[in-house]
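Shown next, in structure tokens, is the structure this report addresses.
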């Protein structure tokens, strides 16, 4: 299990020796002590990515694609190990990490591996004696700040397109869930990625994340997280005229009309709100039901909710594991309290499980 920063193709300690305690959310036990990146470590990572960017950009696009395809194969071969690591790090049930998260990660890297040599320019018709053409070029060093809810898949969602287009990467995984990103860094070394093309530096948003956003050597920042933090990222990035990509939180709604197939609507709504314990940017956190079918819908939905098996995420029969952190669990419980204060009615659950086994 790798626990150091990945900079310039090597696993190294943080400049000041700081570490982060990474906990298993199922039982609160210490999973690992991971090196904590701060501003000086971001600077090291950007220097490594800058040194690697010219060679990576000049590499034949088909060769970049082949490396991404090799990485996809390596991830597939490592499915059992990577899935269990993701489960222990996030609380996401092993049935999902093994059958959804890791396979989708490999598939996404494979998709962008195939796309690497498909970026094409264009020639624009102009008057005689002139040539006007457009050719896509890499931006350079791309900073990526990812959340804790789907960490292994975010590796492919963020790195895949950036690498295929010839950019180098400095990625900050969330401090709560850095383990799968560090494992993928190991696999990148194994399949032959040049040193410095990808740098993985776990750390906190206020230190490492802040430095990524403000660093003048980073050409673009891609951030996924809350809308409040995203606004700050956009403002800070403006000081260095960075390009910015934001994927921010929302409040998705499921709307059930009077003529809906209630079985399908109940099943779809349950997946929408309960998948990954509801920890998804596309979670259906609002439910709007036509009054003529509300009673029947809620009866069916409540029965389904009560049937979900909550338990140890490492158990392949578990359907719902723990929330990823105690802080997040307490925040969810506070929302339940607010709902009750505002006149809401609890139909099932409403509190953290009291079974010591959970």
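In the working numbering, the protein residues as written are 1 to 358. Glycine included, C-beta positions come from ideal geometry on N, C-alpha and C. Values in this document were obtained by computation on a predicted structure and should not be read as measured data.
- In this structure, 165 is the residue among 213, 227, 216 and 165 with its C-alpha nearest to the C-alpha of residue 197.
- Taking each of 286, 118 and 295 in turn and checking the Cα distance to residue 258, the smallest one comes out for 295.
- Judged by pairs of C-beta atoms under 8 Å, the segment 155-173 touches the segment 104-115, as three or more such pairs exist.
- Look at residue 340 here: in three-state DSSP terms it is helix.
- In the pairwise beta carbon analysis, the segment 315-329 is classified as not touching the segment 281-288: fewer than three pairs are separated by under 8 Å.
- By the criterion of a C-beta distance shorter than 6 Å, residue 97 is surrounded in its chain by 83, 86 and 87, once the five residues flanking it on both sides are discounted.
- If the five residues before and after residue 249 are omitted, its C-beta is found closer than 6 Å to the C-beta atoms of 226, 227 and 281, all from its own chain and listed in chain order.
- Residue 277 counts as buried, since no fewer than 16 other beta carbons sit within 10 angstroms of its beta carbon.
- Per the Cβ contact rule, the segment 214-226 is in contact with the segment 234-244 (3 or more Cβ pairs under 8 Å).
- The DSSP assignment places complete alpha helix (DSSP H) segments of no fewer than 4 residues inside the segment 270-325 at 294-307, in order along the chain.
- Three or more pairs of CB atoms, one per stretch, sit closer than 8 Å, so the segment 56-65 contacts the segment 116-124.
- Counting only residues of its own chain and dropping the five nearest sequence neighbours on each side, residue 266 has a CB closer than 7 Å to the CB of 297, 300, 301 and 304.
- Cβ contact annotation for residue 252 (same chain, cutoff 8 Å, sequence separation greater than five): 272, 282, 283, 284, 285 and 286, in chain order.
- DSSP places residue 133 within a strand segment (E or B) once states are collapsed to three.
- For residue 352, the closest C-alpha among the options 344, 3, 37 and 326 is that of 326.
- Taken through DSSP and simplified to helix, strand or coil, residue 101 comes out as helix.
- The DSSP-derived three-state label of residue 35 is strand.
- In this chain, the alpha helix (DSSP H) harbouring residue 80 covers 79-90.
- Boundaries of the beta strand (DSSP E) around residue 172: 168-172.
- At the C-beta level, residue 6 and residue 176 stay beyond 8 Å of one another.
- If only complete runs of 4 or more residues are kept, the segment 182-267 shows the alpha helix (DSSP H) at 210-214 and 227-238, in order along the chain.
- Ranking 51, 223, 10 and 291 by CA distance to the CA of residue 192 puts 10 first.
- Shown here, residue 76 sits in a helix according to DSSP, grouped into three states.
- Relative to residue 311, the option among 13, 15, 26 and 1 whose CA is nearest is 26.
- In the DSSP assignment, residue 122 falls within the unbroken beta strand (DSSP E) covering 122-124.
- Of the residues assessed, residue 2 falls on the buried side of the cut-off, its CB having 16 or more other CB atoms within 10 angstroms.
- For residue 57, the CB contacts under 7 Å within the same chain, skipping 5 residues up- and downstream, are 138 and 166 in chain order.
- Between residue 39 and residue 269, the CB-CB gap reaches or exceeds 8 Å.
- By the beta-carbon neighbour count (other beta carbons within 10 angstroms, threshold 16), residue 215 is buried.
- Excluding residues up to 5 positions away in sequence, 175 lie with their Cβ nearer than 6 Å to the Cβ of residue 204 in the same chain.
- Counting the other CB atoms within 10 Å of its CB gives residue 224 a total of 16 or more, which places it among the buried residues.
- Closest by C-alpha distance to residue 348, out of 55, 122, 123 and 306, is 306.
- For the pair residue 127 and residue 133, the Cα-to-Cα distance works out to about 13 Å.
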